[in-house]
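Undergrad: In the working numbering, the protein residues as written are 488 to 614.
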Amino acid sequence: SSSSSAAPQADNEMNKREKTLAEFLAMMDNYTPIIPDAVTDYYLSRTGFDCDDVRIKRLLGLAAQKFVADIATDAFQYCKVRQSGNRKTGKVRTFAEKCDRKAVLTMEDLSQALAEYGVNVKKPDYY
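#1: Nearest to D596 by CA position, among V568, P611 and D498, is which residue?
#2: So, using beta-carbon positions, are R544 and T519 closer together than 8 Å?
#3: Taking only the alpha-carbon atoms, compute the straight-line gap between D516 and V541 and give it to the nearest angstrom.
#4: For G548, count neighbouring C-beta atoms within 10 Å of its own C-beta (all shown protein chains included) and say buried if the count is 16 or more, exposed if not.
#5: CA-CA distance, K506 and P495?
#6: If L601 sits next to I558, beta carbons under 8 Å apart, how far is it from one beta carbon to the other, in whole angstroms?
#7: Mind checking Y613: buried by the 16 CB within 10 Å criterion, or exposed?
#8: Could you give the distance in angstroms between the alpha-carbon of F563 and the alpha-carbon of N499?
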C-alpha cells in the first residue's frame with residue numbers, strides 16, 4: 488500500500504517542478520539581463536548553439552552573469568585577505584586612514600579566484 492501512495496506523491500512533486508519551471512521561464516520574458524541579448528547571441532552562435540527561444544538565451548546569460556559575479560566576489564575576498572596581510576606591518580594607522588583604504592584588485596587575486604573554477608590564467612613569459 489505504501490508503494491501505491493509513492494507514485495501519486497512522485498507525480499505531485501514532478502508537477503510542482505514543472506509549474507515552478509514554467510513560472511521561472513515566464514519571468515524570463517520580462518527580465519532584462521545585465522549581459523545584453525546581443526552579446527549572449529554572439530557568443531552562443533560562435534559555439535554553434537542555435538535556439539530561437541529568448542527565454543533560454545536569457546537564462547544562459549543569467550548563468551554567465553552569476554558566474555562572473557561569483558568570480559568577482561571570490562577575487563575581492565582574496566584581495567581583502569592580501570590587503571589585511573599587508574596592514575600587519577607594525578605601523579599604527581588612524582581610524583581615518585583605515586577607512587580611506589581602497590581595495591585594489593590585482594591579477595593575482597583574479598587568478599586565484601579563477602583557479603577555483605578550473606580556469607588557469609598565466610602571464611606571458613615576456614613579462
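The C-beta atom is built at its ideal place from N, Cα and C for all residues, glycine as well.
Computed from a predicted structure; not experimentally measured.
TA: Concretely, from the data shown:
#1: When only C-alpha atoms are compared, the closest one is V568.
#2: For the sequence presented, residue 544 should be read as Lys rather than Arg. Cβ distance not < 8 Å, so K544 and T519 don't count as in contact.
#3: 7 Å
#4: buried
#5: 16 Å
#6: 6 Å
#7: exposed
#8: 43 Å
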